[in-house]
Ligand SMILES: C=C(O[C@H]1C=CC=C(C(=O)O)[C@@H]1O)C(=O)O
């Protein structure tokens, strides 16, 4: 026998967590800064639709938790029973999912754990498949072409100048085709490598790297990272000076106000920074505000608490607009496409009602060899349609670069 060689390395990055995923699908991910959850296999799922989707999901989760027999030797947020969540942006159309994986591996505060679900005596151990690389064979227009997106933005600007509403976020899509069905782990790994300050997620074929945290609930603490106002690399002024324009400041102000106004009724304390900071990503920079609060235990108890809060705050004016109802109606009219789960809440919940819901941005919906990418921009009365087209293109780069990585 030759000489045995052993090598131990630290396994403390997002890539290390993602490397545990054995199979191309179904896989689940919510990782950020070397912590988070990955999962595989499906033990239970529900699909919900319509205006009642959050409440229906909350009831399902509460019933499932009540009926489960759980042994949890670790006792941290994310241990024990966990479900991954991905909600549609709109009440209609669109379908939302809550899925309990068969296996979840998590890491938090330096502690790593594994949770396995069994509904029979069969151990679940899929064969480990190597990650398959894909190549993009072509890009084509989505359901809303770039030309029509530009027209939709110009139309929205006119409506805002006429005083119909103050802000609306309009998005469009792009289709990529790959030479073979996409291995979700290929995309996840490439996103995690390039966007370490984003939450790299995968739930039921929706994959992305979002910089925006809608809600994180840890006991009675609630946190949110609100983003709105964008600058992207280009000639001329610095990102800071472009972000300080009246247009970017007003886009941000609407987003902050929408989150704070809808979250405050559930809180005994809520802190909103007076001035936003700048969040720099490889493709764009954003105005960012980190909001923190203390939840009122009387209205935020139970396993589905985070879904209840998600229902209250979604959609913020980072993805909807102001006023909310008018903006959502204008989105349906001008985009005339189904956003699906893009711009909806995505993340995970546990049996104590803790968890994290981001906003599904910088993402794509996968179906075999077809990848549908999305990106949107906040529009106010001072917006320039050509600049918004360029901004949306910059926001599609995370997925495009991850797809084209060698
Ligand atoms: C709607 C998107 O971004 C939102 C988040 C940050 C900045 C935004 C903006 O400046 O327009 C958008 O509100 C998207 O990436 O598709």
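Numbering (UniProt numbering), first residue to last: 1 to 406. Where is the CB? At the ideal position from N, CA and C, for every residue including glycine. As the structure is a computational prediction, the values presented were derived from the model and not from experiment.
Would you call the segment 384–404 in contact with the segment 168–185, where contact means no fewer than 3 C-beta pairs closer than 8 angstroms?
Taking 8 angstroms as the limit for Cβ pairs, the verdict is that the segment 168–185 does touch the segment 384–404.
How far does the beta strand (DSSP E) with residue 410 in it extend, from its first residue to its last?
Only positions 1 to 406 of the chain appear in the structure, and residue 410 is not among them; the question remains open.
In terms of residue numbering, what span does the beta strand (DSSP E) encompassing residue 217 cover?
Residues 213–218.
Cβ-Cβ distance between residue 50 and residue 107 below 8 angstroms:
No, Cβ-Cβ distance for residue 50 and residue 107 is not below 8 angstroms.
Measure the C-alpha to C-alpha separation of residue 414 and residue 329 and round it to an integer number of angstroms.
This structure cannot speak to residue 414, because the chain is shown only from 1 to 406.
Taking 7 angstroms as the cut-off, is the CB of residue 334 close to at least one heavy atom of ligand 1?
Not under cutoff, so the answer is no.
Evaluate the contact criterion for the segment 199–216 versus the segment 293–301: three or more CB pairs, one atom per stretch, below 8 angstroms.
Verdict: no, contact absent.
Identify every run of the alpha helix (DSSP H) within the segment 155–201, keeping only runs that are complete inside it and at least 4 residues long; order them along the chain.
Entirely contained in the segment 155–201, the alpha helix (DSSP H) runs reaching 4 residues are, in chain order, 184–194.
Please tell me whether residue 226 and residue 263 are closer than 8 angstroms, where the distance is taken between their beta carbons.
No, these two residues do not count as a Cβ contact at 8 angstroms.
C-alpha gap between residue 349 and residue 4, whole angstroms
Each residue's Cα considered, the two are about 43 angstroms apart.
So does residue 169 have its beta carbon nearer than 7 angstroms to some heavy atom of ligand 1?
Of the heavy atoms belonging to ligand 1, at least one sits nearer than 7 angstroms to the Cβ of residue 169.
List the endpoints of the continuous beta strand (DSSP E) containing residue 325.
Segment 324–335 is the alpha helix (DSSP H) holding residue 325; no beta strand (DSSP E) there.
On the criterion of 16 or more Cβ atoms from any shown chain inside 10 Å, does residue 161 qualify as buried, or is it exposed?
With fewer than 16 other Cβ atoms from the protein chains shown falling within 10 Å of its own Cβ, residue 161 counts as exposed.
Own chain residues within Cβ distance below 6 angstroms of residue 216, not counting five before or after:
If you ignore the 5 residues before and after residue 216, its C-beta comes within less than 6 angstroms of the C-beta of 223, 356, all in its own chain and listed in chain order.
Range covered by the alpha helix (DSSP H) that runs through residue 253:
Counting along the chain, the alpha helix (DSSP H) containing residue 253 begins and ends at 246–263.
Would you mind giving the Cβ-Cβ distance between residue 358 and residue 230, rounded to the nearest angstrom? I have them listed as a contact below 8 angstroms.
Not a contact, Cβ separation roughly 17 angstroms.
Should residue 362 go down as buried or exposed, given a rule of 16 or more other Cβ atoms within 10 Å for buried?
Looking at its Cβ environment, which holds 16 or more other Cβ atoms inside 10 Å, residue 362 is buried.
What residue does the beta strand (DSSP E) around residue 389 start on, and which one ends it?
Where residue 389 is concerned, there is no enclosing beta strand (DSSP E), although the alpha helix (DSSP H) it sits in stretches over 385–404.
Given the structure, does residue 374 come close to ligand 2, in the sense that its CB is under 7 angstroms from one of the ligand's heavy atoms?
With respect to small molecules bound, the structure shown includes ligand 1 and not ligand 2.
Residue 34 Cβ short of 7 angstroms to ligand 1 heavy atom set
In this structure, residue 34 has its CB at a distance of at least 7 angstroms from all heavy atoms of ligand 1.
Residue 157 and residue 383 look like a contact to me (Cβ under 8 angstroms); what is the Cβ gap, rounded to whole Å?
Indeed they touch by this definition, with Cβ atoms about 5 angstroms apart.
What do you reckon, are the CB atoms on residue 287 and residue 259 nearer than 8 angstroms?
Going by C-beta atoms, residue 287 is not nearer than 8 angstroms to residue 259.
Would you be able to state if there are at least three C-beta pairs under 8 angstroms between the segment 76–86 and the segment 26–40?
With a cut-off of 8 angstroms, the segment 76–86 and the segment 26–40 count as touching, because enough Cβ pairs lie within range.
Per-residue burial, residue 228 [other beta carbons within 10 Å of its own, 16 or more giving buried]
The residue is buried, with at least 16 neighbouring Cβ atoms inside 10 Å.
Using three-state DSSP, classify residue 241 as helix, strand or coil.
It is helical.
Distance cut-off 7 angstroms: residue 151 Cβ against heavy atoms of ligand 1
In this structure, the C-beta of residue 151 stays at least 7 angstroms away from each heavy atom of ligand 1.
Using C-beta distances below 7 angstroms, list every residue in its chain close to residue 18, excluding the 5 sequence neighbours before and after it, in chain order.
Here residue 18 has 29, 31, 38, 185, 188, 189, 192 as same chain residues with Cβ atoms under 7 angstroms from its own Cβ, once five neighbours each way along the sequence are excluded.
Going by beta carbon distance, what residues of the same chain come within less than 7 angstroms of residue 381, once the five residues before and after it are set aside?
Result list for residue 381: 157, 160, 161, in chain order.
Could you tell me which residues DSSP puts in a beta bridge with residue 32?
Paired residue(s): 35.
Could you spell out the range, first to last residue, of the beta strand (DSSP E) harbouring residue 370?
Going by DSSP, residue 370 is part of the beta strand (DSSP E) stretching over 370–379.
Verify the contact flag: residue 229, CB atom, against every heavy atom of ligand 1, threshold strictly below 7 angstroms.
True, at least one ligand heavy atom lies under 7 angstroms from that Cβ.
Verify whether the separation of the beta carbon atoms of residue 152 and residue 334 is less than 8 angstroms.
Yes, Cβ-Cβ distance for residue 152 and residue 334 is below 8 angstroms.
Span of the alpha helix (DSSP H) holding residue 227?
That residue, residue 227, is in no alpha helix (DSSP H); its beta strand (DSSP E) goes 221–231.
Just how far apart, CA to CA, sit residue 338 and residue 375?
Going from the Cα of residue 338 to the Cα of residue 375 covers about 13 angstroms.
Would you list the one or two residues that DSSP bridges to residue 107?
Paired residue(s): 36, 112.
Which listed residue (252, 12, 134, 105) has its alpha carbon closest to that of residue 273:
Looking at the Cα atoms, 252 is the closest of the given residues.
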